[in-house]
Amino acid sequence: MSETLDKRKDEASAPVTADQLEADQLEADQLDPDQLEADQLEPDQLEPEEAQGEAATESKIDPEIAARRDAALAHVRQFGDPILKTKARQIKVFDEALRSEVERMGSLMDDALGVGLAATQVGVLHRLLVYRVQSGGPLGVLANPTLAWASREEEIAEEGCLSLQTVHVEVERPVHIRVSAQDAHGEPILVEASGFEARVIQHEMDHLDGVLILDRTPRDQRKAAMRSLREWQLRSDG
Ligand SMILES: [Zn+2]
3 MSETLDKRKD EASAPVTADQ LEADQLEADQ LDPDQLEADQ LEPDQLEPEE AQGEAATESK
63 IDPEIAARRD AALAHVRQFG DPILKTKARQ IKVFDEALRS EVERMGSLMD DALGVGLAAT
123 QVGVLHRLLV YRVQSGGPLG VLANPTLAWA SREEEIAEEG CLSLQTVHVE VERPVHIRVS
183 AQDAHGEPIL VEASGFEARV IQHEMDHLDG VLILDRTPRD QRKAAMRSLR EWQLRSDG
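So the mapping is simple: our numbering equals the position in the sequence shown, first residue as 1, plus 2.
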């Protein structure tokens, strides 16, 4: 997680693209070990469930839908891009440009067959996320979200991420949450969510702090995920 940019969050509200950031490639191997220790889970706590999280479960999909998904994913920053490890900045201006950004994120998320997307993932360092946990349901939009309350009860489930294709790892999160945020017009909102919806929101809020599911999964699963990511990156580069 980068603290450097966070200190500057009050100075600018303009989006920053990854191109403006240092080009060093960051790897999960370089993460702060203390942070990972805190997220270690006891193996006997693991209860494999069906895949949840941001990315749709891989199944047979129509070639046209697959092509649209690939086109959308081309706009989603992938693991290794330093912006994914960067803390996003508070939104101060709620204008038409912001609402277009929300619209674009919603379309990309739908086309990518995702259930959530954070602005960071499309290269914009805004504290902004969208989600839709039921197909055909309303688009959830949270600007400047903060966790107001989280239940002590936690749950482990498998998550995927549009920025970490091929990766599915188990993540433990509170089951119930309350989030205060603003809508696309800057009006204050309070969202209460449970289960899958709460998980998606927390996953996206993590992105705004530069935290990925790899930072929240047990070490053994993280290692396997890193291996599969490297193989995937080699295949994509070749
Ligand atoms: Zn994600």
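All residues carry an ideal CB built from backbone N, CA and C; glycine is no exception.
- A Cβ-Cβ distance of about 6 Å is found for the pair Gln92 and Asn146, placing them in contact under the 8 Å criterion.
- Residue environment analysis places Leu231 among the buried positions, since at least 16 neighbouring C-beta atoms fall within 10 angstroms of its C-beta.
- For Ile179, the uninterrupted beta strand (DSSP E) run begins and ends at 178-184, by DSSP.
- At least one heavy atom of ligand 1 lies less than 6 Å from the C-beta of Ser165.
- Across the set Pro84, Ala227, Thr122, Val78, the C-alpha of Thr122 shows the shortest separation from the C-alpha of Met207.
- Assigned with DSSP and collapsed to three states, His128 falls in strand.
- Under the three-state reduction of DSSP output, Arg229 falls in the helix class.
- His178 is the residue among Glu172, Glu66, Gly139, His178 whose C-alpha sits nearest the C-alpha of Glu156.
- If you look at Ser102, you'll find it in the alpha helix (DSSP H) that goes 98-113.
- The continuous alpha helix (DSSP H) containing Pro65 extends over residues 65-75.
- Where Val202 is concerned, the enclosing alpha helix (DSSP H) starts and stops at 197-210.
- Taking C-alpha positions only, Pro84 is separated from Gln136 by approximately 31 Å.
- Taking a cut-off of 8 Å on C-beta distances, the segment 63-75 does not touch the segment 99-106, as fewer than three cross pairs fall below it.
- With the rule of 3 Cβ pairs closer than 8 Å, the segment 208-221 does not count as touching the segment 184-193.
- In terms of Cβ geometry, Gly108 and Leu75 do not form a close pair [threshold 7 Å].
- For the options Glu56, Gly82, Leu149, Gly138, the alpha carbon positioned closest to that of Gly116 is the one of Glu56.
- Relative to ligand 1, the nearest heavy atom lies less than 6 Å away from the CB of Glu56.
- Per the coordinates, the alpha-carbon of His128 lies some 11 Å from the alpha-carbon of Phe96.
- Between Ala114 and Leu166, the C-beta spacing is not below 7 Å.
- Residue pairing by DSSP places Pro190 opposite Gln184 in a beta bridge.
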